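Novice:
Chains as they are written, first to last, in our numbering: chain L, 556 to 778; chain Z, -16 to 169.
(1) Can you tell which of L:567, L:675, L:684 has the C-alpha that lies nearest to the C-alpha of residue 701 (chain L)?
(2) Going by DSSP in three states, residue 135 (chain Z) sits in which element: helix, strand or coil?
(3) Based on the DSSP secondary-structure assignment, which residues constitute the bridge partners of residue 87 (chain Z)?
(4) Going by DSSP in three states, residue 588 (chain L) sits in which element: helix, strand or coil?
(5) Just the Cα atoms here: how many angstroms apart are residue 167 (chain Z) and residue 769 (chain L)?
(6) Closer than 7 Å by C-beta to residue -15 (chain Z): which residues in its own chain qualify, once you throw out the five before and the five after it? Chain order, please.
(7) Per DSSP, which one or two residues make a beta bridge with residue 144 (chain Z)?
(8) What are the uninterrupted segments assigned as alpha helix (DSSP H) that are 4 or more residues long and contained completely in the segment 624 to 665 of chain L, given in chain order?
(9) Identify the contact partners of residue 27 (chain Z) in chain L, using a Cβ-Cβ distance below 7 Å as the criterion.
(10) To the nearest angstrom, how far is it from the Cα of residue 648 (chain L) to the Cα of residue 717 (chain L)?
(11) Going by alpha carbons, who is nearest to residue 605 (chain L) out of L:693, L:638, L:561, L:583?
(12) Counting along the chain, where does the alpha helix (DSSP H) carrying residue 93 (chain Z) start and finish?
(13) Please compile the residues from chain Z whose C-beta is within a distance smaller than 7 Å of the C-beta of residue 686 (chain L).
(14) Within 10 Å of its beta-carbon, does residue 153 (chain Z) have 16 or more other beta-carbons around it, so buried, or fewer, so exposed?
(15) Do residue 729 (chain L) and residue 580 (chain L) come within 7 Å of each other at the CB atom, strictly closer than that value?
(16) Can you name, in chain order, every residue of its own chain whose Cβ lies under 7 Å from the Cβ of residue 662 (chain L), other than the five neighbours on each side?
(17) So within the segment 49 to 79 of chain Z, which uninterrupted alpha helix (DSSP H) runs reach at least 4 residues, ignoring any that extend past its ends?
(18) State the Cα-Cα distance for the pair residue 695 (chain L) and residue 591 (chain L), rounded to the nearest angstrom.
(19) Please report the distance separating the alpha-carbon of residue 127 (chain Z) from that of residue 670 (chain L).
(20) Short of 8 Å Cβ to Cβ, which residues in the segment 96 to 130 of chain Z face chain L?
(21) The alpha helix (DSSP H) that contains residue 32 (chain Z), what's its start and end?
(22) Would DSSP call residue 675 (chain L) helix, strand or coil?
(23) How long is the line joining the alpha carbons of residue 69 (chain Z) and residue 51 (chain Z), rounded to whole angstroms?
(24) Scan the segment 721 to 752 of chain L and note each continuous alpha helix (DSSP H) run of 4 residues or more that stays entirely inside, going in chain order.
(25) Quick one: give me the first and last residue of the alpha helix (DSSP H) that residue 716 (chain L) is part of.
(26) Does chain L have any CB closer than 7 Å to the CB of residue 8 (chain Z)?
(27) Are the CB atoms of residue 11 (chain Z) and residue 88 (chain Z) within a distance shorter than 7 Å?
(28) Just to confirm before moving on: does the CB-CB distance between residue 175 (chain Z) and residue 125 (chain Z) stay below 7 Å?
(29) I'd like the span of the alpha helix (DSSP H) that includes residue 16 (chain Z), first residue to last.
(30) If the cut is a Cβ gap below 8 Å, which residues of chain Z does residue 734 (chain L) touch?
(31) Listing by chain order, which chain B residues have their CB less than 8 Å from the CB of residue 707 (chain L)?
(32) Can you name the start and end residues of the alpha helix (DSSP H) that residue 159 (chain Z) belongs to?
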């Protein structure tokens, strides 16, 4: 049987305006979710190293649960499962943002914990010896140093989460992959369209990598 | 020590913080804040703990840097300074809180030999101005010259105590005698 495949550039290029309609959703879910995840990460990361077990244990449980289960299961649970519990539907966009927030929050908690624990104990000792309170010592001495060390792993997490949003095509969010699937259903040009989808993801993640590298370089000169 | 005792009764967190405001501490490893400039290192505690106005704290910092001989390094970061300079910044940082007593934990033992002198000079000057200082040190010459009272500690126990002439020239304890005979030869 004769079979010949020709990459159809026209098909790839023509799909782009349609795919780009999904871009705002991809970006909104990614960065909305990451912003909330960052707040969750600071809260639970710090709780996970608190000296009180009744604060440490719930934080650790949250981290382990959301790190230890697939994000696809998490979003399916939020979108299809939670409405049964709360008696009201959850829209796909909210479910997607919540899934990224909770999932990245667990990973960012670990980044925060690692960052804070990496700061030499002598730094807190010096702060306390000068008469600063524990809170002052933490926020003006330990945290600024820890945060600088957290930038590379935070960037890494941002890239992972952006790509994770592609899974949310399964709950019908009109993000990049979903747009691609709909387009392919009409044109049958799977190879070209998924290629274009991949390129769009790559453009987002490469831009982010570049920005992070600039931030890191600036951060390093002042430490 | 002065009229008022520094240590209050009991050991609550509050009282500990109060003690710390009166006691300056200089560490073996300097423990300067690497994310702040030299001047910011010195200004931080007066600003946060005593709510000293920025201009005042700034003036104090400049004066203290002058005093420890590194006024020209004010806007550098600790990593850009030599060990001896860093330790002098650490002394200035402790002085900024106007302590009534200063603790030095082996302040020169992490330094290159050629930088020990500059730190000891600053401490000598402080002692001459009347600062009460407790110094843990292996610098015997310095201890002998500057101290009013010398305590020799071996395995956590005080084995010899007295004015420097007595401890250095007429040590009674056997352990002190052998230690001094070994270190004073060099």
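Idealized CB from N, CA, C, for every residue including glycine.
In this text the structure is predicted, and so the values were computed from the model without any measurement.
Specialist: Taking the structure as given:
(1) Comparing Cα-Cα distances from residue 701 (chain L) to each of L:567, L:675, L:684, the minimum goes to L:675.
(2) Residue state, collapsed to three classes: strand.
(3) Z:9, Z:118.
(4) Helix.
(5) Taking the straight line from one Cα to the other gives about 55 Å.
(6) Only weak support exists for where residue -15 (chain Z) lies, its pLDDT of 43 falling under 50; the value from the coordinates is given anyway. So the qualifying residues of the chain are 83.
(7) Under DSSP, residue 144 (chain Z) takes part in a beta bridge, and its partners are Z:134.
(8) As far as the segment 624 to 665 of chain L is concerned, its whole alpha helix (DSSP H) runs of at least 4 residues are 626 to 631, 637 to 641.
(9) 695, listed in chain order.
(10) Here the alpha carbons of residue 717 (chain L) and residue 648 (chain L) stand approximately 14 Å from one another.
(11) Nearest Cα to residue 605 (chain L) within the set L:693, L:638, L:561, L:583: L:693.
(12) In the DSSP annotation of this structure, residue 93 (chain Z) is not part of any alpha helix (DSSP H), being labelled neither H nor E.
(13) What residue 686 (chain L) touches in chain Z: 0, 3, 4, 28, 32, 80.
(14) So residue 153 (chain Z) counts as exposed.
(15) Result yes, Cβ atoms of residue 580 (chain L) and residue 729 (chain L) sit closer than 7 Å.
(16) By the criterion of a C-beta distance shorter than 7 Å, residue 662 (chain L) is surrounded in its chain by 622, 712, once the five residues flanking it on both sides are discounted.
(17) The segment 49 to 79 of chain Z contains these whole alpha helix (DSSP H) runs: 66 to 78.
(18) Approximately 23 Å, taken between the alpha carbons.
(19) Going by C-alpha positions, residue 127 (chain Z) is about 44 Å away from residue 670 (chain L).
(20) Answer in chain order: no residues at all.
(21) Segment 21 to 32, the alpha helix (DSSP H) holding residue 32 (chain Z).
(22) The three-state reading of DSSP puts residue 675 (chain L) in coil, since its state is none of H, G, I, E or B.
(23) If I take the Cα positions, the gap works out to 11 Å.
(24) Secondary structure within the segment 721 to 752 of chain L: the alpha helix (DSSP H) runs of 4 or more consecutive residues, fully enclosed, are 731 to 742 (chain order).
(25) Note, residue 716 (chain L): alpha helix (DSSP H), 698 to 719.
(26) True, the Cβ-Cβ gap to chain L drops below 7 Å.
(27) Yes. Within cutoff.
(28) With chain Z covering only -16 through 169, there is no way to say anything about residue 175 (chain Z).
(29) Counting along the chain, residue 16 (chain Z) sits inside no alpha helix (DSSP H), nor does DSSP assign it H or E at all.
(30) Annotation: residue 734 (chain L) has no Cβ neighbours in chain Z at a cutoff of 8 Å; minimum Cβ distance is about 44 Å.
(31) The chain labelled as chain B is not found among the protein chains of the depicted structure, namely L and Z.
(32) Here the alpha helix (DSSP H) through residue 159 (chain Z) covers 157 to 166.
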